[in-house]
Structures are given as structure tokens and as C-alpha cells.
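K.L.:
Sharing a structure here in C-alpha cells format.
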Amino acid sequence: VMAFERDPQMGRILLRNLACNTSESHRIQFYGDTDPAGIAIDRLMNGERGPVLLKVSTAAGIEQRILAGASDLLDREDTRVIVRLGDRESEAGCMRLLDDHGFSVSLVTPAWWRPVVRDRSFDPDHIWLVAEKTPFEILPD
């Protein structure tokens with residue numbers, strides 16, 4: 189698991205969560221970056237292998253920049269992506285970028301999962317984008 193958090197308050201919450209939910213078999217490493225442009229995810233991967241689920245949420249309009257910084261990761265066949273989109277511009281840009289990397293992309297209706305998973309950051313205007321390298325199965329009505 190690689191977790192990135194740009195908000196210091198949320199970062200402290202993430203650290204508390206990790207302290208409660210990790211075992212000795214998990215490797216935890218922290219990175220800081222003083223560059224306002226951030227750091228590319230690809231730069232931190234260091235040849236890591238194994239299936240990847242890249243989840244981007246509450247990125248405040250920089251979702252496409254985050255994905256662009258994971259270009260090598262997006263080229264892998266074992267990568268899946270979930271993005272919480274902040275606006276329609278992000279939606280179009282992310283869909284184009286993921287399509288260029290060979291992903292099948294689907295938009296998920298806001299909050300369809302709420303009966304199953306409680307989302308403390310619920311906002312009915314946000315849409316989730318889900319992408320994988322194999323086409324989605326169309327379920328009958």
C-alpha cells in the first residue's frame with residue numbers, strides 16, 4: 189500500500205489509521221516534498237511489482253496531474269484505477285489520459301455504495317471513475 193496525503197491534518201489521521209491497522213509484515217515509508225508541484229508516483233515506485241490499485245480522491249482538480257505522474261504505472265497490465273472526480277474538466281482529462289494508456293473507463297453514479305461502505309466525505313456532486321485494462325462486463329437490466 190502506498191498512501192499519499194497532501195493535507196497535513198488528514199496526514200495525521202492517516203498515520204493514526206496506519207498505527208492501528210498495520211502489522212510487522214507491512215513496510216511503511218514516509219515521503220515529504222516541499223515542491224508545490226508535488227512528486228511523481230512513478231518516481232517512488234522503485235520497481236515495485238504486484239497488482240496495483242491506484243485510488244485518487246479529494247485531489248481538488250489535480251486528478252489528471254496525479255495520473256500523469258503515474259504514467260509508467262498506468263502502462264502496466266496489472267493496474268486498476270479509481271478516481272474521485274472534482275469537476276467535468278477533470279473527468280474529460282482523466283478519461284482521455286486513461287484511454288491513451290489502454291484502460292476501459294466507467295463512470296460510477298455518486299454514492300451507489302453507501303449502503304455497504306460509509307463514506308465520511310460524501311458529496312453528491314462527485315463522480316467516481318473506475319478503470320481497468322480489460323473491458324467491463326455489461327450486466328443485464
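Quick note: the sequence shown uses the working numbering, first residue 189, plus one each step.
C-beta: ideal position from N, C-alpha, C; glycine also.
1) At which residue ranges does the stretch 226 to 284 contain complete beta strand (DSSP E) runs of 3 or more residues, listed in the order of the chain?
2) Count the other C-beta atoms from every protein chain shown that fall within 10 angstroms of the C-beta of GLU320, then say buried if there are 16 or more, exposed otherwise.
3) Rounded to whole angstroms, what is the Cα-Cα separation between PHE192 and ILE250?
4) Taking only three categories from DSSP, how would you classify LEU206?
5) Sort out for me which residues DSSP pairs SER294 with in a bridge.
6) Please identify the residue among PHE291, HIS314, SER245 whose C-alpha is closest to the C-alpha of ASP275.
7) Do the CB positions of VAL240 and THR267 come within less than 8 angstroms of each other?
P.N.:
Looking at the coordinates:
1) 240 to 244, 267 to 273
2) buried
3) 14 angstroms
4) The answer is helix: DSSP assigns LEU206 an H, G or I state.
5) VAL318
6) HIS314
7) yes
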